[in-house]
Structures are given as structure tokens and as C-alpha cells.
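Here is the structure we will look at, set down as C-alpha cells.
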Amino acid sequence: MLRFALRRLLVSIPTLLVISFIIFALLDLAPSDPTANLPLTIPPEVREKIRLSLGLGEPFLVRYALWLQQFMINEPLNILEQWTGWTIGDSENRLRVLSWATRSPVVDLIVARLPQTLWVVGMSYVIAVLIAVPIGVISAYRQYSLFDQIGTFVSMLGFSVPTFFTGLLFIMLFSVWLGWLPSIYDTTHVVRDWDSFVFQVRQMLMPTMVLALANASQISRFMRASMLDNLNQDYVRTARAKGMRERTVVLVHVLRNSLIPVVTVIALGVPTIFGGAIITEQIFRVNGIGQLLIVGIESADIPLVQTLTFIFAVLIVLFNLIADLLYGMLDPRIRYD
Amino acid sequence: MTRTRRILAASAAVSLLAPAAMAERGADGQLNIIYWQAVSTMNPFLSGGTKEVEAASMVIEPLASYDDGGAIVPRLVTEIPTVSNGGVSPDLTSITWRLKPGVTWSDGTDFTAEDAIFTWRYCTAPDGGCAQSSYFADVESMEAPDPLTLKITFKGPKPFPYTALVGAESPIIQKKQFENCLGARAPECTEANFGPIGTGPFVVKDFRANDVIVLEANPNYREPDKPHFQSVLFKGGGDAASAARSVLETGEFDYAWNLQIEPEVLGQMETAGKGVVKVAFATSVERIHVNLSNPSSALGPDLRSVQVADGANKHPILSDFSVRKALSLAIDREVLTEVGYARTGKPTCNILPGPDIYVSTANDACLAQDIEGARALLDNAGWVPGPDGVRVKDGQRLSLLFQTSTNSVRQSFQALIKQWWAEIGVESELRNISGSVFFGGDPASPDTFQKFYADVQMFTNNFSGVDPEAYMAQWRCADIPTPATQWQGQNIDRFCDPAYDALVAEMARTGKLEDRARLAKAMNDKLMENYVVLPLVYRGGTSAHAKSLDGVRMTDWDSELWNIADWRRVK
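Chains W and R are the protein sequences, given in the same order.
Our numbering applies: residue 99 is where the first sequence begins, and numbers increase by one.
Our numbering applies: residue 3 is where the second sequence begins, and numbers increase by one.
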């Protein structure tokens, strides 16, 4: 297992290098201009100077090599220095990946955004899993019952209705008409006591629920399908024939086996948490990673977009590996060595 | 009057007096502002975006501002220098500003002319990429005879000397803080760029790029009873409609900026009664630019949409004056305004819509649509309707490619105009291009507005400040974009007229305001009479504020937040 993991990790290095090159080339070839959103009152020759000050005068390969050096060497060194307090080399003049729009280190921007994304999107994922698994189990066990029909209807709804619609619907209902919940997320809010905790819950409620609905529908369908596959297996009949309680048969034998594919699905979905929820974050102004990406794309902030998409690529490669390893651990029939 | 009534009247009088008595710094608590485009940095020299300029205007200030009427008002100076008060030299080559004594930075140190000189050095340092360097382009030198006197010498006579360090786009930064951030080092000073020390009413407490800014009242602000608010939460992100909703319907925010949404939606939100919509006009005009050079795709890159001196490459259709005039006559500007902007716009026949002294009335006939007149004009010019209704002359069909940026209002304008033009026998093909490409200056892209690979195109342009000299100079022959200049140059129409260039040159020498106004009007009229650019709508800036917020004097001439120190909460 360890050898397998190490081998996979080594293979992923060239994969990621290729990915980073493709992202860089795509962003560079796409027509975009960091000065495009500036007022037209700024004359063209000033725009040209701005572009030059951003390093756009250098050839493509030089800029790519510079980004590689900044992201792969300078940034890790910087993190190491921050953790340990050491000074390695000429840290004063070591260039970090700088965002064009803010002129500040990209990694610092991402780190500042992580808390709200992890809270809102992560929490919605946890809630989605907590809701989806029981719904999937009951729906499968009582297939075609009223509960199953309702569950199917709700998950089809969650599947097909986009988050920008549910989000706006929720805002109209709970913020405009009823006035119960804030429609704009306050990222500066700090939880100090009970009241501020209640406020945090209130402002997280709508975005979390919108996302949880979408995620839960997907996972509950997987759970239901997987349960149905297992309920008709021979080992279930054997377990029942042995005189086991129905509870034990379903929750211990069937559930455990049905979870194997579902766990991989859940693991593969984790990178999307870090990716943020672009639309939902925008609607509720959670201003996490997803919103950062959109702002970066809109303002043609190439270093920011490049770094973010590359981090997503790393996470996806990593969680694919984790999903494979989990699979092996949960299912003893699968061995990688 | 009974006793009770007298008591009631007295208490009413007291309650009216109460706010005045309570007027002390920070008495009104927190102010919540929402800008749906999030702010990236607090250093306007490194960004140039309107949102950054306005956010920074709460913290750093210029010497003078423009008020809601477009009049110049002193901020950090005792008075506005003019020739008559001796502040501007008689030969118009220098201006001397007298700084207000006793002004301090928010860190308590003295504000001096050295800081102003440093700002000029900062913005003109090589490799700095300063976005506002055009404000300092004509500055020869700056000197400080004493700490409270700033003398700016220009490279030549400068009839309108209020550019450098005037208006929110060229504020003064602190020398001490930015001393080590010159030129290429500018982006490395993240802490200073995110939290500049200023002389303004607020100081940055927490800055989160592209998200939110928390500001607090400046304890060293020069007016002891201001600002009235103790703190400001400046939130960014989302879209214009939901920003409007947060002020007008849910009341979560006090002020929302740049609400470019469908007028009926905005009006409906306003009926909720929580806030009011404010519109301020300055110089923005939505217009159609006409390409006078040939944009045919059959031409090579050296000739397509390139103006050639002898006129050999002129536009096969649009070089005909009658066609240009007919295109303008067919447009109903009132309807366009009603559909796209309602009260946030006015139909206009001038490319130079303000300030008032520069506004010509010679072209107002264009406000009335005249389909019949347009048809007659084209008939007389020899354009005969073909079998499909599209006019033809010498085998040339009256067919135009009409491009603009992607934006729902612009697309509905395109559809309406296409219909009117069809009525006079002009066929048009519509095209819309993503704003970031259309307005992006990428010389490799065929879709930029500068390259103008189309027959007509529509967008909004304006000028900052109140002086139209540089704006009107855009239509000089020398400003025509060509491949040789990497398509830089702002004469989008490829208009070239020596008489127009002469007017531009004359304005550059003329100091008297009345004469300048006459010249600017003459230039405007020349463009209008030649129909090289077809103005459509005079657009105002649109913002909304809560009814509980008082003191907002919305301006489109400067930062909307220019007088935020005077904003207060009505109780």
C-alpha cells in the first residue's frame, strides 16, 4: 500500500507539471488584458506602462519559468520560514507570486479566503452527507414507498434547480419578505459569545442550505443505488437466515458494503470544497475562494487564476489518490501491492 | 396654547436641536457601504479602477475636489489659486498652492508640501506603472519654498492647471510611508498599499483584498467634530441588483454604488421605502462611433481599418455624409433613454455634455427621430432600395456590421437601432464582444474597440474632471490608431480635419474660460455636423442610499464619497 502510494505520488509530479503548463498556456493564449476594466479615461500609453510593470513585456516561456520558480520554490520556502522563524537565503528579495489586481502575494489572498470557504462550503458538505446517507438508506430499504417517492422528488429538484435560482429564492423569501436572515455574509464577523455565534449561524444558514441541497441530492442518489445493489445479494439472505435482527442486517452488513462506492464519491468531492462555490459565494457575498477566482478571471489577474487553478489541480490529483487508498482499506478484496 | 401643547412644542424644538448638540466625532456609529465590484487595493496609483479610487478617497485626499455641481473646492489648501489672486502665473506656466496650516496625517505627523512633491515622484518613477501618470504628464517640476507652499511648474502654458493633485484620482500619499516603494518596488509594499496613511476622515483598520474594508474615524482629522460615523464597513462583491436590494429592500446597507440595472427593477425596489436612488450627471455619453476607414476583412492587417493620408482607404459606405446623417436621423434617442436608462439618462445630441458652459445647443434637432427625412436623404444621395429592401449604390449594399460590448442594455439598444435602420433601408449585422476583450488593449486581438474591425460600434466614454481639453483633442489626426502605434490612440472614428486640429491647438493656448468654452463648443459642433460620432444618451452615475442617511451630495465629477465626512445618521 505504501509503495503504491509513493509510486502514485511520484507519477503525479510530471502530471502536475504538464497541467500547470497547459493552464498557463491557455490563460496566456486567451484574449485578456489586465487593464481592460480600467476607465477609458486612462490613456493607452499609460496602459502600456502598466502592462510592462506587470511583466507582460517578457516572452511566454520566461514568464512561465518565473511563475514555476515563484510558486514551486519561493512560496514553499516562505511558508517554511513563517512556520519555523528561520531565515533561508535572501528572503528579503525573494519574489513571491504577486496578484496583478491587488499587487499582493497570491498565497496570502488564498489563505485569507480559506476560513469562510471552509466554513460555508465545508459545512454544507458535512450537512449534505449527514442528510444524504440516511435518506439514501431508507429510500432503498423502503423502495417505492411514499418516503422514497418524496426523497426522489426532492433530490431531482435539488439536482435540476441551479443554485443561483434557489439562492435568489431564499433571499427573496427569508431576507426581503420575512426579514429573518441577512442576505449578505459578513466576513469580518468574529464569534466571541453566544449572540455572535447565533449571528454566525444565521448568516451561514442560507448559503449552507442552498449548497447542501444540491450536494445531498447527488449523494443520496448514489447511496440509494448502492443500497439497492446490495440488498438483493446472497449474503443478505444468509444473514437473515442466520436469524440476525433486521437492524443488524441493514445497518451493519448492507450499509457497510454499500458505503464503499459512496465514500469514494464523497472523497472525490472534497476538492470542490476548497474550490469554493463560485455561484453561491457570489450570491451571498461569502467572498471565499470561488469569488476570488471569479474576480481574478474578470480582472484578467493571470497569476491569481493560474495559482488557484493549479492548486485545484493538485487537490484533485491528491484526492483521487486518497479515494483509491480508501477503497483498498474499505474493501479487503482490493489490494494494490 | 395649552400647557401640554407648550410642553410638546418645547420638546419638539429640543429634539430638533439635539442632533446639533450631539455633533461630535463618531457619534453616529457604523456606516455600511456596498460596492458590488470589490476593491483590490487602497492605492489608486497602482490600480486606476474607479472602485479603488473611490474607496481610497475616504483615506487619502487631493489638494482640491469637485463638488456635486462640478465646482472646484479646496480641501487641503486655503483657496483655489487663479491668475487674479496671483496663484497662477500670468504666463500660465506655474501654479502655487498654499496648504492649510495644522493639517496632520492620521499618524499625527505634519502634512507638508514635501509629501505632495513625493507623490509626483512616486507616480512618475520609471517602471512603476502608475495608473494616474497622465495627471503629471505636463509637470516640469514641483518645489516647496516653505513647508506650506507648493509650486508646480508646467512644461508649457497650462490654461487649466488643476490636474496634478486635484480630484480623487490623484491624491497625496505620505512620503514617510512610501519612501521605499518607488518604481519597480511599488508592488512589494503590500502593507502600505492596503493601508495608506492619509489626511482623510477615515483610517484603514482591516483591508481584505477583493472582499471588505473596515475603516475607523481618523482621530487626527482636521475638523474636530467630523466624521460623524465612528466606523465604515465597505463590502464588495456580488452584482448590482443585489447591492441595490440590500439598500432599498432589506436595509442591510446604507449606500450602494453604480446601480446599472433595468430602470423598472430599480424603481420597483425603491417602492419598498427603505432608501432613495440618486443620479448624478457628469460627462459620460453612450455613443455610436462611425468607422471612416475601410474595415473590410479582404484587406490585410496593414490596411484593414487603417486611415490612409490621401483618403485611398476610406470607408465605402460611411465616407458618404448622407449615409452618416441618415443613420443619426433614424435613431429615436428618447425611446433609447426610456428603455435603457429612464431617469438615470437623458437623450443628448452632444459628445461634450457638460459642464454647462461647454454645452452646445446647435445640434438639438437630433432629438426628434426623422425616418422620412432619412429616407429622402438616402434617395437623393443615390442609394436605391433593392429587391430585399436594402439600399444599393454602385453595387455597394448598405449593410453594416454593428458591434458593442456584451451588456443587456447595449443589446436592446442594438436591436432597436437595427429595426430603425431597417426602416430606412439599412441592413445591420449585430455583434457583441465580452467587455474584457472589447475594452482590452491586446494588439493581437481582432475584437478591440481600438482596432474597430466593424462599421459602427457603441460604448460609453467620458473624461475625468471638468476640463474637456484632452477629451476633445482625441479627434486630432495624430491620434488615429494604426498598426504602427500598436493601435493606441483615441481617435476611434479615424476622423481627420486640419481645421479641427487648429481648434485643438488654439484651445491649448487659450486661458480665458469663455474663449475655451467657445472653442470646445466649436469642436463639438464640428464632430456633430459631420456625424462622425452619434451621441445617444447622457448617462448619470446611479447610486442609492438609505433614508436614514443624510448629507449625501452625490457627484459624478469626483469620487462619490468626496464628502463622506459630512454624512450623518438622521434619527
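Beta carbons: idealized from backbone N, C-alpha and C, even for Gly.
Check your understanding: Are the CB atoms of R/K280 and R/K549 nearer to each other than 8 Å?
Key -> Against the second sequence, residue 280 of chain R aligns to sequence position 278. Against the second sequence, residue 549 of chain R aligns to sequence position 547. Annotated as distal: R/K280 and R/K549, with beta-carbon spacing of 8 Å or more.
**Study point:** Reduced DSSP secondary structure (H/G/I, E/B, other) of R/Q32
**Key:** By 1-based counting over the second sequence, the position of residue 32 of chain R is 30. In this structure, R/Q32 counts as strand in the three-state DSSP scheme.
Point to revise | Close-in-space but distant-in-sequence residues of the same chain around R/Q179 (CB under 6 Å, 5 per side omitted) | key: Position 177 of the second sequence, counted from the start, is the residue given in the question as residue 179 of chain R. Apart from the 5 residues on each side of it in sequence, R/Q179 sits with its Cβ closer than 6 Å to the Cβ of A194 and I199 in its chain, given in chain order.
Practice item. Would you please state the rounded distance, in angstroms, between the beta carbons of R/G459 and R/T406? I believe it to be under 8 Å. Key: Along the second sequence, read from residue 1 onward, the residue named residue 459 of chain R stands at position 457. Along the second sequence, read from residue 1 onward, the residue named residue 406 of chain R stands at position 404. Reading the sequence as shown, one finds Gln at residue 459 of chain R and not Gly. In this structure, R/Q459 and R/T406 form a Cβ contact; the two beta carbons are roughly 6 Å apart against a cut-off of 8 Å.
Check your understanding: According to a CB-to-CB cut-off of less than 7 Å, which residues of the stretch 279–297 of chain W neighbour chain R?
Key -> Residues of the stretch 279–297 of chain W with a C-beta atom less than 7 Å from some C-beta of chain R are P280, S281, I282, T285 and T286, listed in chain order.
**Study point:** Beta-ladder partner(s) of R/V168, from DSSP
**Key:** The sequence position of residue 168 of chain R within the second sequence is 166, counting from 1. Listed as beta-bridge partners of R/V168 by DSSP are R/A66.
Review point. W/Q331 by DSSP, collapsed to three states: which one?
Key: Here residue 331 of chain W is taken as the residue at index 233 of the first sequence, counted from 1. Correct three-state label for W/Q331: coil.
Check your understanding: Excluding five sequence neighbours on each side, which residues of the same chain lie with their C-beta closer than 6 Å to the C-beta of R/L329?
Key -> Counted from its first residue, the second sequence places residue 329 of chain R at position 327. No residues qualify anywhere along the chain.
**Study point:** R/E218 - partner residues in DSSP beta bridges
**Key:** On the second sequence, position 216 is the one that residue 218 of chain R refers to. DSSP output for R/E218 lists R/V205 and R/S233 as bridge partner(s).
Point to revise | Beta-carbon contacts of W/T200 that lie in its chain and below 7 Å, excluding the five residues immediately before and after | key: Indexing the first sequence from 1 puts residue 200 of chain W at position 102. Answer for W/T200: L207, listed in chain order.
Exercise for review: Could you tell me whether any Cβ in chain R is nearer than 8 Å to the Cβ of W/I208?
Suggested key: In the first sequence, counting from the first residue as 1, residue 208 of chain W sits at position 110. Put simply, the CB of W/I208 is far from chain R, with every gap to its CB atoms at 8 Å or more.
Review point. If you follow the beta strand (DSSP E) that R/I435 is part of, which residue opens it and which one closes it?
Key: Within the second sequence, numbered from 1, the residue matching residue 435 of chain R stands at position 433. From DSSP, the beta strand (DSSP E) with R/I435 extends over E429 to I435.
Check your understanding: Using DSSP with H/G/I as helix, E/B as strand and the rest coil, what is R/T363?
Key -> The residue given as residue 363 of chain R occupies position 361 in the second sequence. R/T363 falls in the coil class under three-state DSSP.
Review point. Can you name the residues of chain W whose CB is closer than 9 Å to the CB of R/L235?
Key: In the second sequence, residue 235 of chain R corresponds to position 233, counting from 1. What R/L235 touches in chain W: D284 and T286.
Review point. So which residues on chain R does W/D131 lean against when the C-beta distance must stay under 9 Å?
Key: Position 33 of the first sequence holds residue 131 of chain W. Correct list: S438, V439, F441, G442, G443, D444, S447 and T450.
**Study point:** CB of R/L354 within 8 Å of CB of R/V361, strictly
**Key:** Here residue 354 of chain R refers to the residue found at position 352 of the second sequence. Here residue 361 of chain R refers to the residue found at position 359 of the second sequence. Cβ atoms of R/L354 and R/V361: closer than 8 Å.
Practice item. Could you say which of W/Q301, W/S243 and W/A421 lies nearest to W/P369 if we only look at CA atoms? Key: In the first sequence, the residue the question calls residue 369 of chain W occupies position 271. Closest by alpha carbon: W/A421.
Point to revise | Assumed close pair R/Q421, R/F404 - CB separation to whole angstroms, cut-off 8 Å | key: On the second sequence, residue 421 of chain R is found 419 positions in, with the first residue counted as 1. On the second sequence, residue 404 of chain R is found 402 positions in, with the first residue counted as 1. With 8 Å as the limit, R/Q421 and R/F404 do not qualify as a contact, their Cβ atoms being about 12 Å apart.
Point to revise | Three-state secondary structure assigned by DSSP to R/Q371 | key: Indexing the second sequence from 1 puts residue 371 of chain R at position 369. It is coil, neither helix nor strand.
Check your understanding: Which one of R/G169, R/G185, R/R210 and R/L320 has the shortest CA to CA distance from R/N565?
Key -> The count along the second sequence starts at 1 and reaches residue 565 of chain R at position 563. When each option's Cα is compared against that of R/N565, the closest is R/G169.
Review point. Can you name the residues that DSSP bridges to R/S550?
Key: Position 548 of the second sequence, counting from 1, holds the residue named residue 550 of chain R. According to DSSP, R/S550 bridges with nothing at all.
**Study point:** Residues within the stretch 401–412 of chain W neighbouring chain R, beta-carbon criterion of under 8 Å
**Key:** Residues passing the 8 Å Cβ filter: none.
Check your understanding: Quick one: what's got a C-beta closer than 7 Å to W/D246's C-beta in the same chain, skipping five residues either side?
Key -> Locating residue 246 of chain W in the first sequence gives position 148, counting from the first residue. Closer than 7 Å at Cβ, skipping near neighbours: S237 and R240.
Check your understanding: DSSP on R/K153, reduced to helix/strand/coil?
Key -> To locate residue 153 of chain R, count along the second sequence from 1; it is residue 151. DSSP places R/K153 in strand when its eight states are reduced to three.
Exercise for review: Alpha carbon to alpha carbon, how far is R/V428 from R/V392? Give it in angstroms, no decimals.
Suggested key: On the second sequence, residue 392 of chain R is found 390 positions in, with the first residue counted as 1. On the second sequence, residue 428 of chain R is found 426 positions in, with the first residue counted as 1. In a straight line, the C-alpha of R/V392 is about 6 Å away from that of R/V428.
Review point. Is any beta-carbon of chain W found at less than 8 Å from that of R/P189?
Key: As a first step, residue 189 of chain R must be located in the second sequence, where it is residue number 187. Cβ-Cβ to chain W under 8 Å: yes for R/P189.
Exercise for review: Write down the C-beta distance between W/L366 and W/F417 rounded to the nearest angstrom, noting that I regard them as a contact closer than 8 Å.
Suggested key: Residue numbering aside, residue 366 of chain W sits at position 268 when the first sequence is read from its first letter. Residue numbering aside, residue 417 of chain W sits at position 319 when the first sequence is read from its first letter. Contact between W/L366 and W/F417 holds, with the beta-carbon distance rounding to 6 Å and staying under 8 Å.
Point to revise | Minimum C-alpha distance to R/P470 - residue among R/A510, R/D366, R/E63 and R/P500 | key: The residue labelled residue 470 of chain R in the question sits at position 468 within the second sequence. It is R/A510.
Review point. Which one of R/C479, R/K528 and R/G442 has the shortest CA to CA distance from W/I149?
Key: Along the first sequence, read from residue 1 onward, the residue named residue 149 of chain W stands at position 51. Per the sequence presented here, residue 149 of chain W reads as Arg, with Ile not at that position. Checking every option, the nearest Cα to that of W/R149 belongs to R/G442.
Practice item. Report back the beta-carbon spacing between W/V209 and W/W165 to the nearest angstrom; my notes put them in contact at under 8 Å. Key: Along the first sequence, read from residue 1 onward, the residue named residue 209 of chain W stands at position 111. Along the first sequence, read from residue 1 onward, the residue named residue 165 of chain W stands at position 67. Actually they do not touch by this definition, with Cβ atoms about 19 Å apart.
Exercise for review: Run down chain W in chain order and give the residues with a C-beta less than 9 Å from the C-beta of R/E254.
Suggested key: Translated into the one-based positions of the second sequence, residue 254 of chain R becomes position 252. The contacting residues are S273, P280, S281 and I282.
Check your understanding: Which full runs of the alpha helix (DSSP H) of 4+ residues lie inside the stretch 148–180 of chain W, going along the chain?
Key -> Listed in chain order, the complete alpha helix (DSSP H) runs (minimum 4 residues) inside the stretch 148–180 of chain W are 158–166.
Practice item. Rank R/Q452, R/R518 and R/L320 by C-alpha distance to the C-alpha of R/Q488 and give the top, closest one. Key: To locate residue 488 of chain R, count along the second sequence from 1; it is residue 486. Checking every option, the nearest Cα to that of R/Q488 belongs to R/Q452.
Check your understanding: Along chain R, in chain order, which residues have C-beta atoms closer than 7 Å to that of W/V144?
Key -> Sequence index remark: in the first sequence, residue 144 of chain W carries index 46 (1-based). For W/V144, the chain R residues whose Cβ falls inside 7 Å of its Cβ are A133, S135 and S136, in order along the chain.
Practice item. Report yes or no: is there a C-beta of chain W within less than 8 Å of the C-beta of R/T192? Key: Residue numbering aside, residue 192 of chain R sits at position 190 when the second sequence is read from its first letter. Taking 8 Å as the CB threshold, R/T192 lines the interface with chain W.
Exercise for review: Could you work out which residues of chain W lie near R/F465, taking near to mean beta carbons separated by less than 8 Å?
Suggested key: For the purposes of this step, residue 465 of chain R is taken as residue 463 along the second sequence, with counting starting at 1. For R/F465, the chain W residues whose C-beta falls within less than 8 Å of its own C-beta are T139, listed in chain order.
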